[in-house]
Amino acid sequence: MKSAVDLLRAFLLLIRAKLLVKSGSWMTFRDYLPKPASPSQQHGSAYVEHITRICNIAARLLPARTECLERSFVVCSMLRRRGISSDLCIGATRVPPLLFHAWVEVDDRVVNDTPLLKQGFLVIYRL
1 MKSAVDLLRA
11 FLLLIRAKLL
21 VKSGSWMTFR
31 DYLPKPASPS
41 QQHGSAYVEH
51 ITRICNIAAR
61 LLPARTECLE
71 RSFVVCSMLR
81 RRGISSDLCI
91 GATRVPPLLF
101 HAWVEVDDRV
111 VNDTPLLKQG
121 FLVIYRL
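Residue numbers (the UniProt record's numbering): 1 to 127.
Following this line, the structure appears as structure tokens:
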């Protein structure tokens, strides 16, 4: 039952994220993200993995393609609502061509993408 509720929440948050992207600047995301949790907040890595997995499932169910910023917004929002300190990171490639990417970190560890990601991107904004 909990997974079904999490899946519905992720699905609805993805729709919200898509609307935020269409409304203009990605900076609007900071106004809609829950406040960061205390850095000392305990968390289970199993729950972090569960939320990441649920977000990926919700993204596949959405009839429109989802972008990294939208998926990262959902993961970060859901983790923070559970009291898990997480950062939504936006980065740019270190070498041309200039590309942008978004991901989520918990305790400086990438949780919704490959850990090697940090080698190719420089964080330019952290929410």
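Ideal Cβ positions, reconstructed from N, Cα and C, are used throughout, including at glycine.
| query | From what residue to what residue does the alpha helix (DSSP H) around Val-5 run? | reply | Start at 1 with the first residue of the sequence shown, and residue 5 comes out as number 5. From DSSP, the alpha helix (DSSP H) with Val-5 extends over 2-23.
| said: Taking a contact to mean a Cβ-Cβ separation below 8 Å, would you say Leu-69 touches Val-104 in this structure? | reply: Numbered from its first residue, the sequence shown carries residue 69 at position 69. Numbered from its first residue, the sequence shown carries residue 104 at position 104. Cβ distance not < 8 Å, so Leu-69 and Val-104 don't count as in contact.
| query | For His-50, which of Pro-96, Phe-100, Cys-76 and Leu-88 has the nearest alpha-carbon? | reply | Taking the sequence shown and counting its residues from 1, the one referred to as residue 50 is at position 50. Answer by Cα proximity: Cys-76.
| task | Would you mind stating whether Ala-4 and Ala-58 have Cβ atoms separated by less than 8 Å? | result | Here residue 4 refers to the residue found at position 4 when the sequence shown is read from its first residue. Here residue 58 refers to the residue found at position 58 when the sequence shown is read from its first residue. Not closer than 8 Å, so no.
| request: Whole angstroms is fine: what's the gap from Ala-102's alpha carbon to Asp-31's? | output: Indexing the sequence shown from 1 puts residue 102 at position 102. Indexing the sequence shown from 1 puts residue 31 at position 31. Roughly 17 Å between the two C-alpha positions.
| request: Name the one or two DSSP bridge partners that His-50 has. | output: Walking along the sequence shown from the start, residue 50 turns up at place 50. Partner(s): none; His-50 has no beta bridge.
| query | Where do the ends of the beta strand (DSSP E) carrying Leu-88 lie? | reply | Looking up residue 88 in the sequence shown gives position 88. Per DSSP, the continuous beta strand (DSSP E) segment holding Leu-88 begins and ends at 87-93.
| request: Kindly indicate which three-state DSSP category Leu-122 falls into: helix, strand or coil? | output: Walking along the sequence shown from the start, residue 122 turns up at place 122. The answer is strand: DSSP assigns Leu-122 an E or B state.
| request: Throw me the rounded Cβ distance for the Ile-90 and Val-106 pair, which I believe falls under 8 Å. | output: As a first step, residue 90 is located in the sequence shown; it is residue number 90 there, counting from the start. As a first step, residue 106 is located in the sequence shown; it is residue number 106 there, counting from the start. Not confirmed; about 16 Å, so no contact.
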